[in-house]
Every structure is written in structure tokens, then in C-alpha cells.
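Below you'll find the structure, written out as C-alpha cells, and then a few comments.
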Amino acid sequence: EWPKADEKFIDKKLENNFEIAKQVIEKALAMRAEVKIGVRWPLSKMSVHTKNPEAVKALSEVIKTQVNVKNLEIINSKEEKINLDTKLTSDLLSEGYAREIARKVQDIRKKTGLHKSQEIELILQVDKELEKFLQKHLEMLKKRVNAKKLVLESLKEKKKTYKICEEVAIKDKKVMILFDILNNLYCN
587 EWPKADEKFI DKKLENNFEI AKQVIEKALA MRAEVKIGVR WPLSKMSVHT KNPEAVKALS
647 EVIKTQVNVK NLEIINSKEE KINLDTKLTS DLLSEGYARE IARKVQDIRK KTGLHKSQEI
707 ELILQVDKEL EKFLQKHLEM LKKRVNAKKL VLESLKEKKK TYKICEEVAI KDKKVMILFD
767 ILNNLYCN
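According to our numbering, the sequence shown is numbered sequentially starting from 587.
Structure representation (C-alpha cells):
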């Protein structure tokens, strides 16, 4: 038998706020899909025209995180409408490429059977433009992929052989991901 809900813990206002936030998120994600900008690519601003500005404001951080926007403008309005600023600035592109590369490295780690605790030495071979973009995000990349060392190199360089070597494409950029596993110890 299922446990009974304790009515005193049910917050109808919070449930309503989440329902409104869910609708905003769904509309915004549909707009992102329509213009073919994945959620890993941050956007600078989203405007929400709503009859329920308090509900949107109450969950604005959740909305910003789920939609991946830096700023959320809430406008009290009779019509429900969402506007996304889809212009990708240099900073937004930089962050987007870093997130995509982190995801690709994580996919390769998983395919290779690495555990989270296993550190790697990571080499990313990229073009000059992408190297410039990634410079701002080296620490984030190292942390996300558990790399003790991270080096950016030109696509043409090939200094040594690495245990793992995979070429991937992100948007219009070619990235060579190379890494060695530094510790093969795994403890539960």
C-alpha cells in the first residue's frame, strides 16, 4: 500500500509556480531547438512576458539554469510570450565550445571504461581560434573531465602516442582529443 500524503506539507503556490516555470522552460527549449542552438551553448538573455511575474521570479534561477541563459528579464503582460537573444557572442561561443568538448571527453572516458576517480593527462589539438576560445576555460575543463594536466596544441603537432586518441567535430571545428590514464587504481 502506498503511503498517504501529509496535506500540511503540500504547498499549492509552489506547485503552481513550478507548473508555470515548466511551461516557460518548455517554450524556451523549443525555441532553442527551432533555431538549432543546443542547450550547452549559453545565451545572454531571455525575456518572459507573463501574467504571473511573481511565479517566474520565484523560480528564475531554475529557469536560467534549465534554459542556460545568463540574464532573465520578466515583464508583466497580458500576453504570454518568450523572447530569446540567440546572438552568440565570442564569450558565449567560448563557453559553448568548452562545454561541448567536456561532454565529448566524458563520452570517451565512459566508452573507455574509466572511473570518475581516474585522472587523465589531456591534450586537445585544435585550431588557433578554438585555442583562444578555450584559454578562458582550462580550469573548468580540467575539473569536469578529471584531468591532472591539460595542454592545448595545434592540430598538426603530434609529439607522442597516447593511449586514447579520437577526432571529433563540434560545429565547424575539428578537435583531436588525446589522453593517457594517470592512475589505474580504483577504490570503492
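Built from N, CA and C at the ideal position, the CB exists for glycine as well.
On a predicted model such as this, the values are computed, not experimentally measured, just so you know.
query = Across which residues does DSSP place residue 740 in a beta bridge pair?
reply = 712
ask   = Any idea what DSSP makes of residue 677, helix, strand or coil?
value = helix
request  = Mark residue 603 as exposed unless 16 or more other C-beta atoms lie within 10 angstroms of its C-beta, in which case mark it buried.
outcome  = buried
query = If we ignore side chains and look at the alpha-carbon of each, how far apart do residue 703 and residue 637 end up?
reply = 48 Å
task = Can you have a look at residue 598 and say buried or exposed, based on whether 16 or more other CB atoms are within 10 angstroms of its CB?
result = exposed
inquiry  = With three or more beta-carbon pairs closer than 8 Å as the criterion, would you say the segment 663-681 touches the segment 714-729?
reply    = yes
query = With DSSP run on the structure shown, which of helix, strand or coil describes residue 647?
reply = helix
query = CA-CA distance, residue 591 and residue 601?
reply = 15 Å
task = Check whether the segment 659-671 touches the segment 606-622, taking contact to mean three or more Cβ pairs, one atom from each stretch, closer than 8 Å.
result = yes
ask   = Within 10 angstroms of its Cβ, does residue 712 collect 16 or more other Cβ (buried), or is it exposed?
value = buried
message = Using only CA atoms, which one of 732, 686, 763, 677 lies nearest to residue 722?
response = 677
query = Who are residue 632's beta bridge partners in DSSP?
reply = 658, 670
inquiry  = Assuming residue 596 is part of the beta strand (DSSP E), what are its boundary residues?
reply    = Per DSSP, residue 596 belongs to no beta strand (DSSP E) and is neither H nor E.
task = Tell me whether residue 628 is buried or exposed, calling it buried when 16 or more other Cβ atoms sit within 10 Å of its Cβ.
result = buried
key: Buried versus exposed call for residue 595 [16 or more other C-beta atoms within 10 Å across all chains shown]   = exposed
key: Cβ pair residue 565, residue 691 closer than 8 Å   = Residue 565 is absent from the structure shown; the chain starts at 587 and stops at 774.
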